[in-house]
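Some notes on the structure that comes next.
2 protein chains.
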Amino acid sequence: MQFNALTPALVSAFEAIVSPAHVLTAATAEAQQYEAYGRDHTEDFHFAPDVVLRPAAVEEVSAIMQLCHQHRVPVTARGAGTGLSGGALPIHNGVVLSMERFNKILKIDERNLQATVEPGVVTEAFQNAVKEVGLFYPPDPASKGSCFLGGNLSQSSGGPKAVKYGTTRDYILNLQVVLPTGEIIWTGANTLKYATGYNLTQLMVGSEGTLGIITKAVFRLLPYPQHNILMLVPFRQEAQAAEAVAAVFRAGIIPSGMEFMEREAIAWSSDYLKIPLTLPEDITAHLLIELDGQDLDQLYKEAEQVYGVLEHYDVGEILLADTAGQKDDLWKIRRNIGNSVRYNSVYKEEDTVVPRAELPTLLKGVKEIGRRYGFKSVCYGHAGDGNLHVNIIRGELSDEQWNVGLREPISEIFALCVQLGGTISGEHGIGLVQKPYMHIALQEANLNLMRGIKQVFDPHGILNPGKIF
Amino acid sequence: MQFNALTPALVSAFEAIVSPAHVLTAATAEAQQYEAYGRDHTEDFHFAPDVVLRPAAVEEVSAIMQLCHQHRVPVTARGAGTGLSGGALPIHNGVVLSMERFNKILKIDERNLQATVEPGVVTEAFQNAVKEVGLFYPPDPASKGSCFLGGNLSQSSGGPKAVKYGTTRDYILNLQVVLPTGEIIWTGANTLKYATGYNLTQLMVGSEGTLGIITKAVFRLLPYPQHNILMLVPFRQEAQAAEAVAAVFRAGIIPSGMEFMEREAIAWSSDYLKIPLTLPEDITAHLLIELDGQDLDQLYKEAEQVYGVLEHYDVGEILLADTAGQKDDLWKIRRNIGNSVRYNSVYKEEDTVVPRAELPTLLKGVKEIGRRYGFKSVCYGHAGDGNLHVNIIRGELSDEQWNVGLREPISEIFALCVQLGGTISGEHGIGLVQKPYMHIALQEANLNLMRGIKQVFDPHGILNPGKIF
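Protein chains in written order, with the numbering used here: chain A, 622 to 1090; chain B, 622 to 1090.
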């Protein structure tokens, strides 16, 4: 694709659309603020946009897209910048389209258990708003306190509750989207069932800003589960922790959380947060298991069943969280593993995913590959979904080892995932960093279909160029 | 699109691929058998295929597709022929590709709660097979005793349990697909989460055989719910039945079935089945409500809550099904409404869907439109999903009234759906019969995107031509 550079005339045109206050360039904006628009949470990458635009209405987005389409200027949509695959990085420069001003919850429809939102709403703010009327929006990525719903849609983000409730994909009903030509469409209908032609809604979800700009979203909601039980289960053998996961499901129980944490993951995070946690020396891994529902007695019955399953494994003393504060602390530790790893070292996070019973084999394989290539990894993640986050620690690795030398072992890890029936990303997306590994997961025919679909939506290839494939 | 007629040379080539026993033509096959391949359950349509092929291996499907792609011969894949939108009708003649010999359950993976099947497996046979090992495949279209999983995938079929468990779309993990060129791909991975490029799996589901031929499917499964409670609730006012639906959900209860039946729907079906049912004269509609779960005490608590909600409405005596036989009878009545209507008259079935709280308005609108245009309808369906099947009875309508005169009122019904936030098909698909109404639900830009996607997968347009758009 050939792109054109930004002209002063175009910048003026953008100023006429969104007002000069929302057109930022290196020349006009405060340096630190401007620099931040070229970063996300992926390693330590930085790419400078030519201009940052902050529209607040769908008509503004449409007008911007028409201009960029006509002038072949790249457009990279940006949510909160918490992505871990480089999806929001403007690697071909051009326009960064920040959706931060699309921050309104437009409607909570209590009769239909639905809500209409703008894509710049923070996930947790949305969850809190619907909880106030007794409703529940389950997807809860670790970054829920700062990430945007639009970003969640772009990657089909998951989180701990996905094991029972599914990912963002399972809650979206309908999307308002601006196509690269500036046309504004709704992708579907506000209904629980939909069999009216190709499912454009599901095609948009996970398309990482390469097919259109999401400007409104209609989500379905559930009744809020009134009670939950949380337990932290220490294991003396990592592989047994991974095995116990499949056994709990096989016993007929679907937990609302089933998180795996290596010893170091939990140790680093509790240190980082200064939340004291006793870790006996023989403990190598933990499972954090949550049960939820409308009836507490029922949950205690289920908890007993879980204890029954765990009896067959070599576990330490199970911590049953007694208070809301204790529960919060445990979840905080789980959610901050990524931050604590980042605090300790630059790292690469691989978002491996396999059928859940294959997790012990994957974990063993990751460690064996690490030993062979001489790198350390901290592993944790959504064990109930078979979704293991492998954090490769930079530590003392040289630039050469870090930038080039890791390609082979990462390829081996992904090949193992595929061999086990899995794939190379469960919830972080492909973006920039997993793109070189796509051929491991997908045949050329699949990639060609994706390229063809991209061409249909975006004939000039201006939307988030250089991502996915 | 220009298609070519079948040549004797092509027929010989097909015989070499699948053996002569599985190449049926009007000349060689038994007349009645052959005729059946030109029909499905949609009204009384018939279109004759030039040839029926019954392959049994993916390599055979691939070889057939290569030939048809090269020679521009239309190919219409066919499951059990129970579709209600004409999706399996070969309206441009050519090849009917019957998937009836792809009838094996290849693997039930108890460790991962997954199963791999061929598309010609009957839905209920699959449900029974997984139930034997304590697992649950929820989607249950009314025709589950005869329809194929492949057909369910092509339409994203639902059924009563969709209200709690979702439709076919929510259970598919991965598909093996033969593209029109003969290339064989897997669309995704066998994982619960997937963020590895565009979701081709979800794009295939509901694409009605227009993008590729499904030859294998990997479904996720759940633990089988050990208990259920079923109640039949008679209402004196139809609109109240529809209102009560939203109220039950608002009370925090998600039933595993929430079916609406007009008086005539239930009366016709119980007559047809010769299952006696007392219907007091003042009863105009029923809700069939099912609750399911692993714990019977818990279900009784929920049932009490449902009774609490229903107290606010003018209901007759609630029938709580006592025995497995009584439950079977009630579900049989529900599932055979379509058959009983067909037994009484030719009919058109509209698969309207709206947000669930809009159901009373939709129902009122349908009846008003019927009065205005002089036709009778029998309405029933999945009220919990806002999915109302409107059966327009032919009765004494003339050919002209039936074939042309109904277009306007049907358009009005669909326009009402869209106005209420809904669409023109919830679970039956568009196929042939809803195609003229697509512009009511979708903008031209949406249809153009769909046409573009079709072109990417099937550049010669040979797969199920003339359907959807």
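Ideal placement from N, C-alpha and C gives every residue a C-beta, glycine not left out.
Query, Result
"Beta-carbon spacing of D671 of chain B, V716 of chain B below 8 Å", "yes"
"Distance CB(E739 of chain A)-CB(N724 of chain A) smaller than 8 Å", "yes"
"Sequence-distant residues of the same chain with beta carbon closer than 8 Å to R1028 of chain B, five excluded per side", "P1057"
"Same chain, Cβ closer than 7 Å to I990 of chain B, five either side skipped, listed in chain order", "P1030, E1033 and I1034"
"Neighbourhood of G766 of chain B by C-beta, 6 Å cutoff - its chain only, sequence neighbours within 5 removed", "E745"
"Chain-ordered neighbours of V974 of chain A on chain B, where CB pairs are closer than 9 Å", "A810, T812, L813, K814, Y815, A816 and T817"
"N1067 of chain B at chain A interface by Cβ criterion, 8 Å", "yes"
"Classification of Y1001 of chain A by the beta-carbon crowding that lies within 10 angstroms, buried from 16 upward", "buried"
"Classification of T944 of chain B by the beta-carbon crowding that lies within 10 angstroms, buried from 16 upward", "exposed"
"Pair within 8 Å by beta-carbon distance, T808 of chain A and L796 of chain A", "yes"
"For I1013 of chain A, the first and last residue of its enclosing beta strand (DSSP E)", "N1008 to I1014"
"Chain-ordered chain B contacts of S828 of chain A [CB-CB under 9 Å]", "G818, Y819 and N820"
"Test: I1089 of chain B CB closer than 8 Å to a CB of chain E", "Considering every chain present, this structure includes no chain E. Its protein chains are A and B."
"Among B:A863, B:P876, B:F757 and B:A978, nearest to Y934 of chain B - alpha-carbon criterion", "B:A863"
"Contact set between I1031 of chain B and chain A, taken where Cβ atoms lie within less than 9 Å", "Under the 9 Å cutoff, chain A gives no residues; its nearest Cβ is about 15 Å from I1031 of chain B."
"N820 of chain A, buried or exposed, once every other Cβ within 10 Å from all chains shown has been counted against 16", "buried"
"Interface flag, H848 of chain B vs chain A, CB-CB below 8 Å", "no"
"Touching by the beta-carbon criterion (3+ pairs, under 8 Å), the segment 909 to 924 of chain A and the segment 873 to 881 of chain A", "yes"
"Residues sharing a beta bridge with E970 of chain A, DSSP", "A:N1012"
"Short-range partners of chain A found in the segment 752 to 776 of chain B, where Cβ spacing is below 8 Å", "G755 and Q776"
"N- and C-terminal bounds of the alpha helix (DSSP H) containing W889 of chain A", "R884 to L894"
"Neighbour list for D916 of chain A in chain B, Cβ cutoff strictly below 7 Å", "Q919 and K922"
"Enclosing beta strand (DSSP E) for P855 of chain A [first to last residue]", "H848 to F856"
"The segment 690 to 706 of chain A contacting the segment 1051 to 1070 of chain A, beta-carbon criterion three pairs below 8 Å", "yes"
"In chain order, each alpha helix (DSSP H) run of at least 4 residues that lies wholly inside the segment 787 to 835 of chain A", "821 to 825"
"Minimum C-alpha distance to L674 of chain A - residue among A:G986, A:H713, A:A634 and A:L898", "A:A634"
"Short Cβ contact (8 Å threshold) for I1051 of chain B with K1088 of chain B", "yes"
"Within 8 Å, strictly: CB atoms of V1039 of chain B and D1006 of chain B", "no"
"Rounded distance between the beta-carbons of T737 of chain B and V798 of chain B, thought under 8 Å", "Not quite, the Cβ-Cβ distance comes to about 14 Å (not below 8 Å), so this is no contact."
"Proximity below 8 Å, CB of F1078 of chain B to CB of L1070 of chain A", "yes"
"DSSP bridge partner residues for V743 of chain A (one or two, in chain order)", "A:F769"
"T982 of chain B in three-state terms, based on DSSP", "helix"
"Collapsed DSSP secondary structure at D949 of chain A in the structure displayed", "helix"
"Residue-level contact to chain A via CB, T788 of chain B, 8 Å cutoff", "yes"
"Any C-beta of chain B under 8 Å from that of L1070 of chain A", "yes"
"Buried versus exposed, by CB contacts within 10 Å (16 or more), L627 of chain A", "buried"
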